[in-house]
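To start, the structure under review is shown below, and the notes come after it.
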Amino acid sequence: MPLSLHLLTDRYVFESSPTRHDLGALHVPFDELTQPGQTEARLDAAVRRREPAALIGASGSGKSSVIAHMLGPLAEGVAPLFVPLAAMPAETIDTPVHLADHLLSTITRLAGSAEARIEADLAPGTTMITRTRRVGGGLGWGWMRGEIARQVTHQTKLEDRATLVDKTDALAQVLAVVSAEGLQPVLVFDDTDRWLRNGGTKLVESFFGEGVRWMLELPAALVVAAHPHYFETTPRDRLLQYLDTRITIPQLPTTAAIDAILRRRIKRYAGVSDPDLPEVFGPDASAAILGVYREAGSLRRALQVCHTALHEALSDGASQLTARHIQAAANAG
5 MPLSLHLLTD RYVFESSPTR HDLGALHVPF DELTQPGQTE ARLDAAVRRR EPAALIGASG
65 SGKSSVIAHM LGPLAEGVAP LFVPLAAMPA ETIDTPVHLA DHLLSTITRL AGSAEARIEA
125 DLAPGTTMIT RTRRVGGGLG WGWMRGEIAR QVTHQTKLED RATLVDKTDA LAQVLAVVSA
185 EGLQPVLVFD DTDRWLRNGG TKLVESFFGE GVRWMLELPA ALVVAAHPHY FETTPRDRLL
245 QYLDTRITIP QLPTTAAIDA ILRRRIKRYA GVSDPDLPEV FGPDASAAIL GVYREAGSLR
305 RALQVCHTAL HEALSDGASQ LTARHIQAAA NAG
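Position 71 (the sequence shown) corresponds to 75 in the numbering used here; numbering is contiguous.
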């Protein structure tokens with residue numbers, strides 16, 4: 005298939021908000037683009053050691069991509085639980101009790117979805133399905149299988165008057181069920197800037213203090229995304245005191261790194277197995293994209309600019325994306 009600006013536009017190659025499933029497939033490891041062993045390898049080691057980890061970076065810098073790549077459907081031996089909080093009220097995580105309630109609710113919902121899928125598979129005329137499935141709207145990434153789902157549902161049935169100790173014990177039992185299947189359970193709090201930004205310093209300190217300290221009692225690895233602006237009001241070492249492994253998302257250093265990301269997107273979305281970038285990018289385009297990335301501190305922003313610049317180039321009747329198109333798109337906002 006010939007590479008062209010029309011193809012890139014029609015296939016939304018530089019769409020900057022892919023699904024979590026696509027994020028993992030699109031990710032080019034920072035360990036390949038920057039200093040080896042300092043990002044993905046460190047996160048993997050922390051998860052395998054069941055060590056609490058902070059992944060630090062601004063919005064759009066690549067935190068979610070790293071998490072999706074390392075803990076996505078292709079990751080072996082892990083059972084990530086992505087804890088949804090973006091649309092939740094602050095009260096969801098303001099105390100360990102509320103956080104425990106939310107974890108139990110999330111796990112119960114995930115198990116219920118898995119059991120419903122199993123019942124559908126076992127309807128008359130079907131046979132037992134034993135392979136791992138991806139269920140729960142992306143929260144489970146496929147590890148919640150039949151027997152795990154049934155045991156989880158049983159373990160999470162608590163009385164209304166259950167104490168924090170009761171809830172902690174129930175969660176520990178659930179995670180033990182997962183571990184017994186040979187999987188490493190991982191609690192994942194991604195994009196925390198979405199749900200902590202309006203809660204103020206008190207909420208941030210409460211979650212990273214009491215909340216994280218309580219979760220260390222659970223037999224699971226823990227991965228928490230952290231935005232640098234949290235450290236403007238609370239010193240980094242104090243805020244992250246309970247997160248032993250601290251990984252800062254590195255900055256992409258060269259145009260070669262930008263080119264590698266562009267190629268991965270073209271392969272994924274345009275179906276071109278070996279894209280020749282000069283066919284659609286002028287010699288100064290990658291440098292301009294790198295400039296946008298460095299100014300914004302966001303790869304997401306750089307890709308948004310690329311998407312807009314494609315329309316600029318097509319309006320000009322151009323066959324290549326140039327620095328001028330990139331700059332025009334960046335100036336347009």
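Where a beta carbon is used, it is the ideal one built from N, C-alpha and C, also for glycine.
Please read these numbers as outputs of a predicted model, since none were measured by experiment.
| Check | Outcome |
| --- | --- |
| Alpha carbon of Arg138 to alpha carbon of Pro88, nearest angstrom | Annotation note: pLDDT 33 at Arg138 (below 50); position unreliable, coordinate value reported separately. Cα-Cα distance, rounded: 16 angstroms. |
| Alpha-carbon to alpha-carbon, Leu314 and Val227 | 36 angstroms |
| Inter-residue CB distance, Ala229 and Asp195 (contact presumed, cutoff 8 angstroms) | 6 angstroms |
| 4 or more residues per run - each alpha helix (DSSP H) lying fully within the segment 13-84 | 24-30, 34-37, 44-52, 67-75 |
| Endpoints, beta strand (DSSP E) assigned at Leu226 | 225-230 |
| Supposed contact pair Thr160 and Leu108 - C-beta distance, whole angstroms, cut 8 angstroms | 5 angstroms |
| Proximity of Ile60 and Pro232 at Cβ, strictly below 8 angstroms | yes |
| Pair within 8 angstroms by beta-carbon distance, Val284 and Leu9 | yes |
| Counterpart residues of Arg374 in DSSP-defined beta bridges | Residue 374 is absent from the structure shown; the chain starts at 5 and stops at 337. |
| Candidates Ala90, Phe34, Arg53, Ala50, of which the one nearest Lys67 by Cα | Phe34 |
| Alpha-carbon spacing of Leu30 relative to Arg46, whole angstroms | 20 angstroms |
| Whole-number beta carbon distance between Val192 and Leu75, since they are thought to touch under 8 angstroms | 6 angstroms |
| Gln308 beta carbon near the ligand ATP (any heavy atom closer than 7 angstroms) | The ligand ATP is absent from the structure shown, which contains no ligand whatsoever. |
| Cβ neighbours of Ser21 in the same chain (closer than 6 angstroms, five flanking residues each side left out) | none |
| Residue interval of the beta strand (DSSP E) (run including Thr249) | 249-252 |
| Gln188, enclosing alpha helix (DSSP H) - first and last residue | Here Gln188 belongs to no alpha helix (DSSP H); instead the beta strand (DSSP E) covers 188-193. |
| Simplified DSSP state of Leu89, which is helix, strand or coil | coil |
| At least three beta-carbon pairs within less than 8 angstroms, the segment 267-279 to the segment 242-254 | no |
| Sequence-distant residues of its chain with Cβ nearer than 8 angstroms to Tyr16 (five each side left out) | Tyr273, His311 |
| Separation of Gly28 from Ile71, as counted between CA atoms | 8 angstroms |
| Inter-residue CB distance, Trp305 and Gly64 (contact presumed, cutoff 8 angstroms) | The question names Trp, yet the displayed sequence has Arg at residue 305. Contact flag correct, Cβ pair sits at about 6 angstroms. |
| Given 8 angstroms, three or more beta-carbon pairs between the segment 50-60 and the segment 290-309 | no |
| Nearest-angstrom Cα separation, counted from Gln188 out to Glu236 | 34 angstroms |
| Length at least 4, wholly inside the segment 265-314: the alpha helix (DSSP H) runs in chain order | 289-300 |
| Alpha-carbon to alpha-carbon, Ala166 and Arg116 | The question names Arg, but residue 116 is Gly in the sequence shown. Gly116 and Ala166: Cα-Cα distance of roughly 21 angstroms. |
| Range covered by the alpha helix (DSSP H) that runs through Gly204 | 204-210 |
| Rounded separation between Arg267 and His106 - CA only | 40 angstroms |
| Within-8 angstroms CB hit, Ala72 to chain B | The structure shown contains no chain B, having only a single protein chain. |
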